[in-house]
Each structure stands twice: as C-alpha cells, then as structure tokens.
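Chains as they are written, first to last, in this note's numbering: chain L, 5 to 658; chain A, 5 to 658. Virtual Cβ for every residue (Gly too), placed ideally from N, Cα, C. Keep in mind the model is a prediction, meaning the values are calculated, not measured.
Number of protein chains: 2
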Amino acid sequence: MMVLNIIPYSFVFGILGLFFALFLFYRVRKYPKGNPLMEEIAEAVHSGAMVFLKREYSAIAIFIVFAFLVLWKLFSIFTSLAFLTGAGCSLLAGFIGLKASTRSAVKTTQGAITGGTPLALTIALQGGAVMGISVAALGVAGIGIFYYFTKNPIILNGFAMGASSVALFARVGGGIFTKSADVGTDLVGKVEAGIPEDDARNPGVIADNVGDNVGDTAGMGADLFESYVGSVIASLAIGSTLNPALNHMALPLLLIVIGLASSVVGVLSIKILKNFTPQSALRNATYISAFLFIVGAFFSIKILMGNLATFWAVLSGMISGIFIGLESEYFTSGKPIKTIARIAQTGSAPTIITGLAVGFQSCILPVLTLGGAIFISFKLAGLYGIALSGVGMLATIGIVMSTDSYGPIADNAGGIAEMSKAGPDIRKITDKLDALGNTTAAIGKGFAIGSAALTALALFSAYQKATRLSTISLTNVETIVGLLIGALMPFAIAAFVMNAVGRTANRMVLEIRRQFRETRGLLEGKAKPDTDKCIDIVTRGALAEMIFPGFLAILAPLLIGFTLGPESLGGFLAGATSSGVLLGIFMANAGAAWDNAKKWVEEGNLGGKGTETHAATVIGDTVGDPLKDTAGPSMNILIKLMAVVSLVFAPLFL
Amino acid sequence: MMVLNIIPYSFVFGILGLFFALFLFYRVRKYPKGNPLMEEIAEAVHSGAMVFLKREYSAIAIFIVFAFLVLWKLFSIFTSLAFLTGAGCSLLAGFIGLKASTRSAVKTTQGAITGGTPLALTIALQGGAVMGISVAALGVAGIGIFYYFTKNPIILNGFAMGASSVALFARVGGGIFTKSADVGTDLVGKVEAGIPEDDARNPGVIADNVGDNVGDTAGMGADLFESYVGSVIASLAIGSTLNPALNHMALPLLLIVIGLASSVVGVLSIKILKNFTPQSALRNATYISAFLFIVGAFFSIKILMGNLATFWAVLSGMISGIFIGLESEYFTSGKPIKTIARIAQTGSAPTIITGLAVGFQSCILPVLTLGGAIFISFKLAGLYGIALSGVGMLATIGIVMSTDSYGPIADNAGGIAEMSKAGPDIRKITDKLDALGNTTAAIGKGFAIGSAALTALALFSAYQKATRLSTISLTNVETIVGLLIGALMPFAIAAFVMNAVGRTANRMVLEIRRQFRETRGLLEGKAKPDTDKCIDIVTRGALAEMIFPGFLAILAPLLIGFTLGPESLGGFLAGATSSGVLLGIFMANAGAAWDNAKKWVEEGNLGGKGTETHAATVIGDTVGDPLKDTAGPSMNILIKLMAVVSLVFAPLFL
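Given below as structure tokens:
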C-alpha cells in the first residue's frame, strides 16, 4: 500500500511543523514594542523565567545522564538514545513555550493599546500557538525519526519514558514554583501590606508572573506532550503484536500527522475569526481543527485498515475529550460557582465545605464518560482500541494546547498593563481576554486529566501485552496489595507537594516581609524591590522539593515489580490510575470553582469586592491554589510516569 | 471433638452477655440523681434522641419490610428471616446504646460533683460498656442462633446484609443529623449572637447534644456491629468451602465468644483501675482484654485446627488494628496538630491547606499496615486468613466500643455541667474526661476504618468464592470499567452527604435566627427557646437525605452485576474499597486534626482563645466537622454494604 511507504517519512511533517512554529514566533516578535517601562517589566519576567529554566534543566540533566546510563546498561544504547530524545523534546517544548509566552505577553498589552481586542487576541493566540504547534510537531518528529530507523516498540518506550520523567520534574517543580510565589506574594502584599495584586512595589511580583509561565505553560506543555507521546507509543506497542503489524503501527503516526495539519489550519483561521467575540473565535478555531481531523481520520482509516472499527474508537476518544472539557467548564464556571459564592455569605468554613463537595461531585460525569469511552473502544478494537481512543483525544493537541497557552499570555498581559499603569480601558481589554483564559484553562485541565487517564490505561494495556500476562487477577493477594498501595500513591504525592508549597511559600513570606521592613522607601515606591532574591528562593525550593516525588514515582513501580511481581504491579497501576484520576479531577475542579466564585463576586455580585463574602471567597481561592495548580496536575503525570516506567522495565520482571 | 459439639450453643454466651449489659445499665441508673435543672436538661436530650430514633426506625422499617419481601421472593424465607434478625440486632444495639449514653451523661456529671474524677470515669465507662458489650453480645447471639439452626452460609449472608443496610441508614442519617445540628447551632449561637457553646439560650443546643449521641454512639455502634458481623460471616462463608468445613466454620464463632468474655473482664477491671489516670485506666482495660483474647485464641486454635497458621492471621489482624489506631492517634493529637496550629498564625487558608496535607499524609501508614496484614494472613491461610484477620481485629469489639462510647457520654456530661452552671471545678473534671474521649474517639475511628477495610476485603473474598470466579482480571475491560466506577462511588457519596449537611444546617440556621428575632427575652434568658422545633428540622433533613445514598449503595452493585457481570462487579468492589478506605482515612484524620489543633490553642497555646490564630483553627474545625463525622464514616459503611449486597446476590449473577 502506498500510504505505508510514505508513513516512515512522517517525521518530515514534524520538522515542517517546527518551522511553522518558528515562523509564528518571529511573527509575534515583529509586533510593535511597548513603552520602556512595559519592556522593562517584560524583560524581568522573561529573564526570571529563563533563570529558573536554566537551573531546573541543569538539575534534570543530572537525572537524565544517570537514567541514560542505567537504561544503556539494562537494555541497549538505542533505548537510551530514545530516552534521551524523548527527554530532550520535552525540555525543548518547555523552553520554546516559555520563551514564546514571556515574549508575547508585552506584545499583547501593546496590541490592546494600538489595535484593541482583535489585535490583542490575535497576538495572544499566536503566542500560544508557538507552544501548541511545537508540542505537536516535536511529538511527530521525535516518534517519527525512531519509527523511521527502527520499528521496535521496545525502543520507542524509552522515548515515552524520557518525555514522562521530564514532565514529572517540570510539572511538580513548576507547580511548586508557581504556587509558592503566588501564595507568598499575596499573603504579604495583599493581606499584610494592603497593596493591590500585581503591584510593582511587591518584591515577589515578578516571581509570581514568572510562576504563571513556568507552571501553566511549561508544566502544562510537558504534561500534554507526555500524554500525546504516551498514547501514540502505547498504540504502536500494542499494534506491533497485531496482524498486520505494520498497518497497526502506522495508523497512530498517520493520525497525529493529520492532527498536526488540522491544528495548523485552526491556528491560521484566527486571522479570519478575530472579529468574532474572543470566546467564539477560540472555540471555532478548535472546532475547525477537530472537524478536519475527523474527516482525515475517517478516510485514512478506511484506506489503511479496510474497516472502520478503529475509527469509532478514535472518535469516542475525541468526543469524550470534548465532553470532559465541557463538564469541567460547567463545574468551574456554571451554577456551582454561584452556589459557592452564595454560601460564602455565611462564612469561610461553609465556602470550603461547599467547594470540596463541588469537587467531589464533579468527578461523576468525567469518570462515567471515560468508562464509556474505554468500554466502547475496547469492544470495537480491543486493547488497541483503548490506546487509539487516547490518540483520538490527543491528536489535535496542537490547537488545544494553543488555546490553553493563550491563557497565561493574556494573564501576564494584564499584569504588565497593571504594573505599567496602562489605564482602565486597556486593563478592561486584558481582563476580558484573561477571563476567557480561565475558561480555556479549565477546559484544558479537564482535557489534561482525561487524556492522562486514557494514556495511563493505554500504557497499562501495553504493559499487559509486554508482560504477556494472561490475567492480572484480583483473586491474588499480590494484586490486591498492589492495588491498595497503588491507590495510596496519589494521596502520598499530594501530601508531599502540598507541604512543599507550604514550606517554600513560608520562606518567600519571610523574605518579602524582610524587604518591606529593611528597604527604605519601598512601600512609598521610591526604592526598587530585590525581585531576583525572591525568584532565587522559590527556584531553590521548587528544585529541592521536586526530587523526592520524582524518585518515588520512578522507584515505587520498580520496587513492586521486583518484589511482588508483574501481576502485583498491574494491580498497582490500576489502583494508582483510578485513585489518581479521581483525586486529580477533584482537586482541579474544586480549586477552579473557588477561583471563579471569587471572580464572580469581584464582578460585583453579592456586594462585590471588600465585603465579608468576598473575603470568604478569597480564602477559598487560596486553599484551591495548591490543589488545582500543584497537587492536581501532579496526579496526571504520576499515573502516566508510573505506567511508562512499568512498561519499559516489564521485560526484566519476567 | 468436644469443642465442636459445644460451639453451636455459643448463642447462649451472647444471651449471657446481653444480661451483663442489662446489669450494667441498671447499675448506672442507680447512681445518684443530679439537681432538677440537670435532670431537666438530661431529660430533654434523652427525649430528643428517642424522638429521632423513633422516626428514624419507622423510616428504616419501611425499607426492611420491602427488602424482606424481595429477599424472600428471590431466595428463601430463611434468608429473609436472617436479614430481619440482622437488621433487628443492629437497631436494637443502636437503641440500647442511645438509651444508655443519654442516661449516663447526667450521672457522670453528678458523679464528678460527688466523687470526683474516679467516680465520673467509672460511670462514663460503664455507660459506654452498655453499648460496647451489647454490640458484641448481639453479634454472638444473632449469628449463633442461625448457626445453631442452619449451618448454611448463604442464609447467614442475609444476616450480614440486614446489619449492613441498617448501618448505612443509621450512619448516614445520624451523621447528617449531628453535623447539621452542630454547624447550624454554632454558626448562629457562637458566631452571630456571641453566646458560648452549649448555652441553654440557644434553641439548637439540645439538638446538638442529641446529635453527639445519635452520631457518635448509635452511628458508630451500627458501623462496628456491621464490621464485626461481616467479618465473622465472611469467615464462615469461606470456611464452609474448606476441609474440614465444620472446624473452619466453628472457629470464627469460637473466637468472638472468647473476645466477648475478654471484653467483659476488661470492663470489670475498671473497678480496680479507676484510681489510675483516666488515660491509663482505659488503656489498661483495653490491654487486659486484648491479652486475654490472644491467649484464648492461641489455645482454642491449637485444639480446633491442630496448627497455628490461622492464629498468626488472627494476631496480624489484631495487631494491625492497634497499629492503625495508634497511627490515627499520632496524626490527630501528635506533632501534626501543633504544625497546623502554628501555620494557623498565618491565616485560615494555610490552616486548611495544611490540614488537607496532614489528612493525605495520614493515609500512608494505615494503608501499608493493612497491606501487610492482608499479605501475611493470605500467605498463611489464604482467603480464609484475610477474613480471620478481620475477626482478630474485631473480636474484642466489646471493650473497644465501650471506650469509644465513653467519649460522647463524657462530652454530654460536660454539656450538662455547662448548661446547669455547675461551676469551674466540675467543668474541669468533665473537660479532662472529654479530652480523653477525643483520643479514644480518634483511635476508635481509625479502628472503624481499618476494620471496615478488612471486612470489605473479607466479604470480597467470600464474594469470589460465592461466584466461583477463578479470576477477576484487570485485563478485561469490564473489570477496569467496574474498577473506575467503583472508585468513583465514595467520591459521589461524599459529595452527596456533604451537600446534605449544608442544606440541613442552612434550615437550622434560619430557624434559630427566627427564634432569636421573634421570641422576646430569649437572649436575656427570660424566655425558653423552642428546642423541639430545631430537633424536628434536623430529624426531617437527616431522614430525607439518607434515602438517596442508601439506595445508591444498594442498587449500584446490582446494576453492575446484572449488566456488566460478576467479574466487573469484582473490579467495582476492589475499586470502591481502595478509594473508600483512602478517602475515609483522609477525611477522618484531617477533621480530627483540625479539631484538636483548635483544642490545643484553646488550652492557651499560641495566645489561646480570642486570637486570630484561634479564629483560624475554628474555621479548620468547622470544615473538618462534616468530613470526620458525616462523609468519612459513611465510607466505612459504603464499602462494606456494597460488598455484602454483592455477596448476597452473587448466586443470581451467574
């Protein structure tokens, strides 16, 4: 079949995609500069982010070298090289994303000044698309090259493990950075010193803005890149055991090429859509990509596989991704947030209780949706179907990630407008774009969890195939013990990272207090704060604290696999996935619901800012912060990383 | 063997135990009366509790009749009768416990006045022992009688289902009652009107005191009774498939008879121990019972089984029960609560975040302990070993439940002292006894969760045997989907009951506000509040809200079993157990840690009452209340009830 001869060259499309991202980056950089103050602030955020990234990458590099040698020793140089490439692609995606998002924010502010909402929207989305398209293109290129040289899934598993381990460090480290900076800065600035958010006098304000980029852009990018790569490689691995193997291995690669192309069209369409309301512009861009992908998938599956069974699996994954996103949106911006805000009139404790209940409740629909997608795709195409539904959910990652990265750019653009005192009109535009960013972020987070769950299950399926276990039976005590310990892991990691945020935020509080006390004229705006010192503190904290959960996530499955055996490890992965998905949804949605309940009050409802009700929602928001931005996202990574580590080491457990 | 001929008569020991409980009850009633005001308050609490119980039981009776007919139709009249007896025993245990605890509280207050700490301690423990010994004796008598007439485990499963379904309604209904009353009363009384806790002017204060008894005594009793009965019946069911069946079926019955006798000795020993500090008196009474039980178990297993394999399973269950209790104690009264209190100095949001982290962290050791106990007991004696380790943990329930029921009696005694203005010296004694009650309650809750987990696993093992499934494999999509939906159940139920507390508390708030506004002279102490109206509101709320979770817990496993099949249901139970245990531990310990952090500040640490720090810990305590007293305990029941329903209906899924 001709298609089969072309697919090994799919990496070329990846490289083309990277050129398109590069083109977008230079396009964004060519938009007009802001005034010197704006540029100065933007430069501070950019250089702060780069300092963090450099130090984070140096720390991760040590781990990569170590893991490279271990994998070489245990498997082969090819697995090691695949690991290295996977890790490298993930690091590169984070770097590109962070660079683009810090550079785009000031252009967006300036765009709001010179061209109003349409221009600001275009710039912010193009900035986000640098990250979005890069993530998709790096996946296609990286997997494609290893597919070209070797069609061995065991080697490709190394690529997934590289992407996963970097993701854990990026997500956990970034999550701790962003929330320690946020909580610490707000606690002293807003609460103690009584100065507004994003005020340039606050020594922590640059760290806070850096954190938005580090957590939401680089962390999210690494997270989704891992899901993307994981689901594709799981399909490849399962496909290699089916007949005809070549067609089954080629299909996921073909699908992501189509997805990449559809995403590029979606990004370009914003040129035409920019005069719609921002909300429908972004939504329509996503729908265009989704539609193109589905049409492409239909015809290519028909040609490659001869029947449409796998198409329905792909479609069920894609639809469930959209559903889970919409369900998250409802719980984090619909009726539930108004309920929380109304309850907040009776105090902060009821606010917390209601938010927790909303979080628990928000798990119901996504889990049933996931269960449905798994069931349908398995019934149609077996384990391969489960893996393909993950690919279906993630194939249009280019556009999904673009709209998601748009969020922190709009947020930062608002911060720059505030710090440079750009005036209420401009602030109004950036606020509107920022509010939309919260919605896309909520959808993105729902999507990240849904895709993590499907990817973890896909990797779990690949693990079953790799171990050649005919059964992973809960009638064995090893499986049950594995299940219990697996279910425990997300709770243990959550405890650790939440405490890590507490410890790091506390150091930040002490430093900001010290500067307000010791730097004369700081509060009067006559002296400059030492923002670098604050960045240094959260960087050190984040890097030190990411080591333990990282090693725990890698070592726990190995420990179970080598002591209790591969069947127990199967139970462990199932337990970790089920409890991790639930805890992840709960944390993400409770946190976002509190955040948006606060925003809803700030819009003037129930008395607006300055009321007791508002104060109660602020407490809810603060509680939700480490849940939704640190512990919650860590769950996604944890379940995928443990599954991929198990998959890579599966041959050694036998 | 002679022993085998005696065991069918074990129900006689149960009846003797009931007489002992009755004797204790009359013993307590003979202690001197309090003054008229004290008696009046006590009478109000007692009659409030009885009103609630009567209405709760009427509602449950409808369900029992319905289930009786369904079981008769589907199985046999014997299963129906066993169900009826199990339900009846559970109801009776709740009734006896509530009667004893409401009657003992005022005697304890009076005991503190006339005889100081030793007398008050003796009365409170004897009052608690009425419940403790009754629970154990009803179990021995009820199971014993059905064992005498029929040695058919399928019929006995009906008994367990009766106990379980009543437990769910009692625990959920009681939990909603107690927390709605507590939160509603405190919110208006302490926060809005600025009057102290337990102040007689507050219209909700009697409902609050009734709630302590309804939730902590009746609810806890039904919970542990269910675990007790469930683990014994699971061992019987598994034992019936082993060879020699009669010995394997007789052993669990023999063990609980020994446990009952040991508990009676422990309760009696308080007479000698009463001049120790209260803490060591209760602890030593527990140790005496445990020691006697272990010696008895050793010899009886040696005689009955010929080897000691099962003894180690029993011992591992018992030791893990003690460990889990101690681990709970550490996290809810050790260093972690001081950490929470210190963090509370920086505000209420960090207090909540730290408490959540403590709750997550507190899951680690108990789950590893459970995993170890399961692993050891399975390796020594297979599925039967797992079930027996549950019996080992629960055999001394008589004394464990006695020290646990002691808590609400001491708490109520304090409330009566406050309301009757008994003076600071008396209040000091009752405060000391109450503080100890918090520790025994924490240990008791840890124990309740640990035993629920072991019982659920024992029932799960019995379910495997009953379905004759050779495997419940996670390689089947039905099992995986079952696992996911099972893991979701605890989150869904938690969401529902937390919202139920919110709704009911809100109605309570409105009523108390109305009375303060409309009843002239109420705040000045010149008019009496309408306390019955408040009791009526929470009773209605609790009864209406317990229906949905009850039916969901019963219908969900049936739905899975009949649509996706018995293997999927196996996955469902495993998922529900793992996530339910973790969520249960998290909620119980986070809640208790906040509570005790507040108490620690109230003892004068970090500035004591009236400080910002104290206010932050009060918010933590309020958030923790529905977690630790409503949603958390519901998890225990949920996982056991779903397992027992699956076990009973197993023959129909094949």
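Against chain A, the CB of Gly143 (chain L) has no partner CB under 8 angstroms away; the residue lies outside that interface. For Leu319 (chain L), the closest of L:Leu384, L:Gly310, L:Gln283 by C-alpha to C-alpha distance is L:Leu384. Among the residues facing chain L, Gln130 (chain A) is not included, as its CB has no counterpart in that chain under 8 angstroms away. According to DSSP, Ser244 (chain L) shares a beta bridge with no other residue. The stretch 209-217 of chain A makes contact with the stretch 177-186 of chain A: 3 or more CB pairs, one atom from each, lie closer than 8 angstroms. Comparing alpha-carbon positions, the option among A:Glu606, A:Leu642, A:Ser381 lying closest to Phe173 (chain A) turns out to be A:Leu642.
Residues of the stretch 575-604 of chain L with a C-beta less than 8 angstroms from any C-beta of chain A: Gly575, Ala578, Gly579, Ser582, Ser583, Val585, Leu586, Phe590, listed in chain order.
The Cβ atoms of Ala466 (chain L) and Ala241 (chain L) lie closer than 8 angstroms to each other.
Beyond the five residues adjoining it in sequence on each side, Lys449 (chain L) comes within less than 6 angstroms, by CB distance, of Ala592 in the same chain, given in chain order. Proximity of Phe495 (chain A) to chain L, defined by a Cβ-Cβ separation below 8 angstroms, is satisfied. Residue state for Ser235 (chain A) is assigned as helix, using DSSP reduced to three classes. In the structure shown, the three-state DSSP call for Ser94 (chain L) is helix. Within the same chain, and ignoring the five residues on either side of Phe150 (chain L) in sequence, the residues whose Cβ sits closer than 8 angstroms to its Cβ are Ala86, Thr89, Ile159, Leu160, Phe163.
Excluding sequence positions up to five before and after Leu125 (chain L), its CB lies within less than 7 angstroms of the CB of Lys278, Pro282, Ala285, Leu437, all in the same chain and listed in chain order. The DSSP-derived three-state label of Ser324 (chain L) is helix. Assignment of Ser477 (chain L) by DSSP, reduced to helix, strand and coil, places it in the strand class. Cβ neighbours of Ala48 (chain A) within its own chain (closer than 6 angstroms, five residues either side excluded): Ile210. Residue nearest to Phe24 (chain A) within the set A:Leu272, A:Leu96, A:Thr245, A:Asn9 is A:Leu272 (criterion: CA-CA distance). Two segments are said to touch when three or more pairs of C-beta atoms, one from each, lie closer than 8 angstroms; by this definition the stretch 513-521 of chain A touches the stretch 191-200 of chain A. Below the 9 angstroms Cβ cutoff, chain L contributes Leu492, Phe495, Ala496, Ala499 as neighbours of Ile368 (chain A), in chain order. When the Cα atoms are used, Val236 (chain A) and Asn640 (chain L) turn out to be separated by approximately 40 angstroms. C-alpha of Ile403 (chain A) to C-alpha of Ser293 (chain A): approximately 7 angstroms in a straight line.
The C-beta separation of His252 (chain L) from Tyr388 (chain L) comes to about 6 angstroms, placing the pair in contact by the 8 angstroms criterion. In chain order, Ala491 place their CB closer than 8 angstroms to the CB of Ser582 (chain A), counting only its own chain and leaving out the 5 sequence neighbours on each side. In this structure, Ile390 (chain L) sits away from Ala597 (chain L), with a CB-CB distance that is not shorter than 8 angstroms. Linking Gly270 (chain L) to Ile262 (chain L) through their CA atoms gives a straight-line distance of about 12 angstroms.
With respect to chain L, the C-beta atom of Gln519 (chain A) has no partner C-beta closer than 8 angstroms. Taking a 10 Å sphere around the C-beta of Tyr35 (chain A), we find 16 or more other C-beta atoms and assign the residue as buried. At least one C-beta of chain A is nearer than 8 angstroms to the C-beta of Ala361 (chain L). With fewer than 16 other Cβ atoms from the protein chains shown falling within 10 Å of its own Cβ, Val7 (chain A) counts as exposed. Within 9 angstroms of the CB of Leu191 (chain A), the CB atoms of chain L belong to Thr350, Gly351, Ala353, Pro354, in sequence order along the chain. Of L:Val505, L:Ala254, L:Ala504, L:Phe364, the smallest CA-CA separation from Ala499 (chain A) is found for L:Phe364. For Pro630 (chain L), the chain A residues whose C-beta falls within less than 8 angstroms of its own C-beta are Ile357, listed in chain order.
Closer than 8 angstroms to the CB of Val176 (chain L) there is not a single CB belonging to chain A.
Every alpha helix (DSSP H) stretch that sits fully inside the stretch 300-346 of chain A and reaches 4 residues is listed by chain position as 313-337.
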